[in-house]
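First to last, the protein sequences are chains C and R. Positions 1 to 410 (full-length UniProt numbering) are the ones given, in order, by the first sequence. Positions 1 to 410 (full-length UniProt numbering) are the ones given, in order, by the second sequence. Virtual Cβ for every residue (Gly too), placed ideally from N, Cα, C.
2 protein chains.
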Amino acid sequence: MAKNAIVGQSGGPTSVINASLAGVFESAKRRGAGKVYGMMHGVAGLLERRWTVLDDDLKTAMDIELLKRTPSSYLGSCRYKLPDWHTPEGEAVYVKLFEILKELDIGYFFYIGGNDSMDTIGKLADYGQHVGSDIRFMGVPKTIDNDLMVTDHTPGYGSAAKYIGVVMKEIIRDATVYGTKYVTIVEIMGRNAGWLTAAAALAKAEDCEGVDMICLPEIPFNVDHFVEKVERMQAKKPSIVIAVSEGVKLEDGRYVCELADDVHAVDAFGHKALTGTARFLANTVARRLDTKTRCIELSTLQRCAGHLTSRTDITEAYQVGGAAVKAAFEGHTGEMVALKRISNAPYQCTTELHPISEVANLEKKVPLEWINADHTGMTPEFLSYALPLIQAELTPIYVEGLPHHIYLPE
Amino acid sequence: MAKNAIVGQSGGPTSVINASLAGVFESAKRRGAGKVYGMMHGVAGLLERRWTVLDDDLKTAMDIELLKRTPSSYLGSCRYKLPDWHTPEGEAVYVKLFEILKELDIGYFFYIGGNDSMDTIGKLADYGQHVGSDIRFMGVPKTIDNDLMVTDHTPGYGSAAKYIGVVMKEIIRDATVYGTKYVTIVEIMGRNAGWLTAAAALAKAEDCEGVDMICLPEIPFNVDHFVEKVERMQAKKPSIVIAVSEGVKLEDGRYVCELADDVHAVDAFGHKALTGTARFLANTVARRLDTKTRCIELSTLQRCAGHLTSRTDITEAYQVGGAAVKAAFEGHTGEMVALKRISNAPYQCTTELHPISEVANLEKKVPLEWINADHTGMTPEFLSYALPLIQAELTPIYVEGLPHHIYLPE
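1. Considering only their Cβ atoms, is the gap separating A327(C) from G23(C) smaller than 8 Å?
2. Nearest by alpha-carbon distance to I112(R): which of C78(R), I214(R), S133(R) is it?
3. I need the straight-line Cα distance from G8(C) to E400(R), nearest angstrom please.
4. With T351(C) and V320(C) assumed to form a contact (beta carbons below 8 Å), what rounded beta-carbon distance in angstroms separates them?
5. Expressed to the nearest angstrom, what Euclidean distance is found between the alpha-carbon atoms of K340(C) and T70(R)?
6. With distances taken from CA atoms, which of V366(C), A386(C), G128(C) is nearest Y347(C)?
7. Run through the DSSP bridge pairs and tell me what W51(C) is partnered with.
8. Short of 8 Å in beta carbon distance, which residues of its chain neighbour D63(R), apart from the five on each side in sequence? Order them along the chain.
9. Please name the residue, chosen from L402(C), L408(C), E410(C), L394(C), that lies closest to T19(C) on a Cα-to-Cα basis.
10. Residues of the region 75-87 of chain R in Cβ contact with chain C at a cutoff of 8 Å, in chain order, please.
11. Short of 9 Å Cβ to Cβ, which residues in the region 297-319 of chain C face chain R?
12. Chain R partners of I403(C), CB-CB under 9 Å?
13. Tell me which residue opens and which closes the alpha helix (DSSP H) that M62(R) is part of.
14. Contact between the region 98-113 of chain C and the region 206-220 of chain R: three or more CB pairs below 8 Å?
15. Give the straight-line distance between the Cα atoms of V263(C) and Y182(R), rounded to the nearest whole angstrom.
16. Listed from N- to C-terminal order along the chain, which residues in the region 15-46 of chain R have their beta-carbon within a distance smaller than 7 Å of any beta-carbon of chain C?
17. Just to confirm the assignment: which complete beta strand (DSSP E) runs, minimum length 3, are found wholly within the region 316-381 of chain R?
18. Which residues of chain C have a Cβ atom closer than 8 Å to the Cβ of S10(R), listed in chain order?
19. What residues in the region 190-208 of chain C bring their beta carbon closer than 9 Å to a beta carbon of chain R?
20. Does R311(C) come out as helix, strand or coil in the three-state DSSP assignment?
21. Only counting the same chain, and skipping five residues up and downstream in sequence, which positions put a Cβ closer than 6 Å to that of L54(C)?
22. Below 7 Å CB to CB, which residues in the same chain sit around H375(C) once its five sequence neighbours on both sides are set aside?
23. Check the Cβ of Y398(R) against every Cβ in chain C and list those closer than 9 Å, keeping chain order.
24. Please decide whether S384(R) counts as near chain C, where near means a Cβ-Cβ distance under 8 Å.
25. Rank V230(R), C304(R), I397(R), V337(R) by C-alpha distance to the C-alpha of D174(C) and give the top, closest one.
26. Using three-state DSSP, classify S15(R) as helix, strand or coil.
27. Identify, in the order they occur along the chain, each residue of the same chain with its Cβ nearer than 6 Å to the Cβ of D267(R), setting aside the five sequence neighbours on each side.
28. Would you mind listing the beta strand (DSSP E) stretches within the region 131-201 of chain R that are 3+ residues and don't spill past its ends, in chain order?
29. Can you check whether the CB of I240(R) is closer than 8 Å to the CB of A200(R)?
30. Buried or exposed for K236(C), please, with buried defined as at least 16 other CB atoms from any protein chain shown within 10 angstroms of its CB.
31. Kindly indicate which residue of P217(C), T180(C), I188(C) has the alpha-carbon position closest to the one of A161(C).
32. Could you pull out every residue in the same chain whose Cβ sits closer than 6 Å to the Cβ of S117(R), ignoring the five residues on either side in sequence?
33. Starting from the C-beta of residue 411(R), find all residues in its chain whose C-beta is less than 8 Å away, skip the five residues before and the five after it, and write them out in chain order.
34. Suppose contacts are defined by Cβ-Cβ distances below 8 Å. Is residue 418(C) in contact with L259(C) by that definition?
35. Output, in chain order, the set of chain R residues within a Cβ distance shorter than 9 Å of L54(C).
36. Taking 8 Å as the threshold (C-beta atoms), are K142(R) and residue 462(R) in contact?
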């Protein structure tokens, strides 16, 4: 009797993470897995015995098509860090998890996520080896942030980059309409790595002059220099559009958004959210220069825009799911599937496997040599890297005027 | 020799205002106009002798297809109010304008805009009559705000409403992903009329539970009642998504965003911008209730999302341009084209003419009977009204991964 498989989604959602789920599900069925379970809200939900049977949810080819087009995590997500299993309290968690996996007769365990989620796969594979389990644990990469090591890029980045390129172009069209002095500052996600903000460079084309400045967290930020640059640019053209990472930091390590003296959104524990960078800079420019300003935060829109995805990204998200299943059925465990680029033009990309230890809890930043000399934009090398990832579209299936999704009510 | 035509765009841009420009241009050429001039930045630009010859810009059928798909105003825009021509200083402006129109041998003058722009058409037609000019002045309606009198709806609204419906659905999918307590407050444009915010109701469908609360400026806002409602809702489900108009006001007439004690974006003249409503409410809820919160401002994205338009809206935007040309060639002046709905199911709509005096400087609000009894959502009557306006899509023409635009460098 064939073993069953289980799959979970973890960390921040993307608009293509469900394409990886489709890839895992269909590949596992093709390779003869018994049932395919889905953890509800990742490992945290599994510990509370919350799961669904995907064989019952995904019955038709149309269900799979909708799943590929549904943003955010179909199975729900969690931000849960497994404890160290070398302590008694820690090990109790693993004992409970492995009991559940045994009860469900799981032979293959897949986790779709970023560097924190890969930490989970690494710990489970280690503990599995420790107790002599034959369950295979495989990681499937996912994050809009593109900050995972060893993989050329991460599924999720291409669609977020395409979204950013498209809306920056639209914002530029909108901002120039009055021909008056205007500074528009757009805040883009990315706490430590500037990959998403760098994607604003994609807006430049024969039909668009592009953004005027790009500020990444990789480069220490100086407020005075920033205002001076804006002033110099505005002497030449009235409407200036700037992309700034939410995570830009001063030389002394403080986040720019911490300079704002206004009230920040706080969570229930009083934690300050990392937001308000663009607002602070827009207010500062308006105070110091003779210009109108506007700040725009792309917020969660950039990670859930299922209506505007990259077909290249969707295809690769599906492929890494399938490659993880293939590897698990061939006996691999404790590894992550990575994307390996063969060439830029024509774009070719394949998959390979890497030990989790090369990925978990690490962060890949934008190479400094891909940032131009005066720190206002990206070099052609970055564009050669990013352009293939945003090519082609997957048209939504519109029902009554809106893209249709597949949805699992709680 | 046939007279020439001139067309301008005025007020805030939309994602379909250029479809009206295409309708005016093609219809004027079909009816035998000489040249078709475009005012750069509306009447304000015309007074500075800034125009383009559209016959030279729009040479191919592909140019027209791109124009229909290009958001924001191809010709640029202005916010310029013509003076009263009954004063000597005022009349000087009209004398100058009519001299330019004579020099360009204009017989037909079209202005695409909202209620302020219709004021311009009204004044020009009046003055034209006063001086015995045979130029015909026709208004073409446009505004995402949907607040123009006499027309069933305004071109621009359908696409903005579709954008809002789509992103609210995506935000809802994103906000439920962790299964934890979360209040997401989305700020939508609309200073006095809640049409755009009401469109958030379109997100509800068999695959989406919809937004939990909709707050329009038509209903006086009470912060305490708002927090109590959120608390009651969150007792039943953890993730609450709320659409709030930027223009919600307290019983005493103050805007809710004025309650925030933080720094607002100010323009060069120190004017406070009408923004920060969602941020203030998210901070208030986070302080008073045990929940995380997030605010999202749709900002200009809702009016320039050319990648996500309603085909119904694009078609009607083109039609009102054509109808204005037909009317002008038949001798009408000082009127605006309006949309007249024939039926909801099947949706049928035609055009009719109205005197400018019924439109200029007036504002149409959401009927109170279309807001539900507890002021948290819209009635089925609103949905029957709005749903036909968001149907069908006009696929962008993607070049190198981004929607291609047609663009007139200054």
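With the given structure in hand:
1. For G23(C) and A327(C), no; Cβs fall outside 8 Å.
2. C78(R)
3. 34 Å
4. 6 Å
5. 36 Å
6. In terms of CA proximity to Y347(C), A386(C) leads the group V366(C), A386(C), G128(C).
7. Answer is M39(C).
8. D57, I406
9. Checking the sequence shown, residue 19(C) turns out to be Ala, not Thr. Minimum Cα distance to A19(C) is reached at L394(C).
10. G76, S77, C78, R79
11. Taking 9 Å as the Cβ-Cβ cut-off against chain R, the residues of the region 297-319 of chain C that qualify are E297, L298, S299, T300, L301, R303, C304, A305, G306, H307, L308, S310, T312.
12. Position check: residue 403(C) holds Pro in this sequence, whereas Ile was assumed. By Cβ distance, chain R contributes V166, K169, E170.
13. 61-68
14. no
15. Caution applies to V263(C), whose pLDDT of 44 falls short of 50 and renders its modelled position unreliable; the value that the coordinates give is listed next. C-alpha separation (whole angstroms): 19 Å.
16. Answer set for the region 15-46 of chain R: H41.
17. 335-344, 347-355
18. Per Cβ cutoff of 8 Å: no residues; S10(R) is ~10 Å from chain C at best.
19. L202, A203, A205, E206, D207, C208
20. helix
21. F25, V36, G38
22. Excluding positions up to five away in sequence, the list reads I219.
23. Q391, A392, E393
24. no
25. The shortest C-alpha to C-alpha distance from D174(C) to any of V230(R), C304(R), I397(R), V337(R) is the one to C304(R).
26. coil
27. Note on D267(R): pLDDT 41, under 50, position unreliable in the model; the coordinate value appears next. Closer than 6 Å at Cβ, skipping near neighbours: no residue.
28. Under the rule that a run must span 3 or more residues, the beta strand (DSSP E) segments found entirely inside the region 131-201 of chain R read 136-141, 182-188.
29. no
30. With fewer than 16 Cβ atoms within 10 Å of its Cβ, K236(C) is classed as exposed.
31. For the residues P217(C), T180(C), I188(C), the minimum Cα distance to A161(C) belongs to I188(C).
32. S10, G11, Y111
33. There is simply no residue 411(R) to check, as chain R begins at 1 and stops at 410 in what is shown.
34. Nothing can be reported for residue 418(C), as the shown portion of chain C is limited to 1 through 410.
35. Under the 9 Å cutoff, chain R gives no residues; its nearest Cβ is about 17 Å from L54(C).
36. No answer is possible for residue 462(R): it lies beyond the span of chain R, which begins at 1 and ends at 410.
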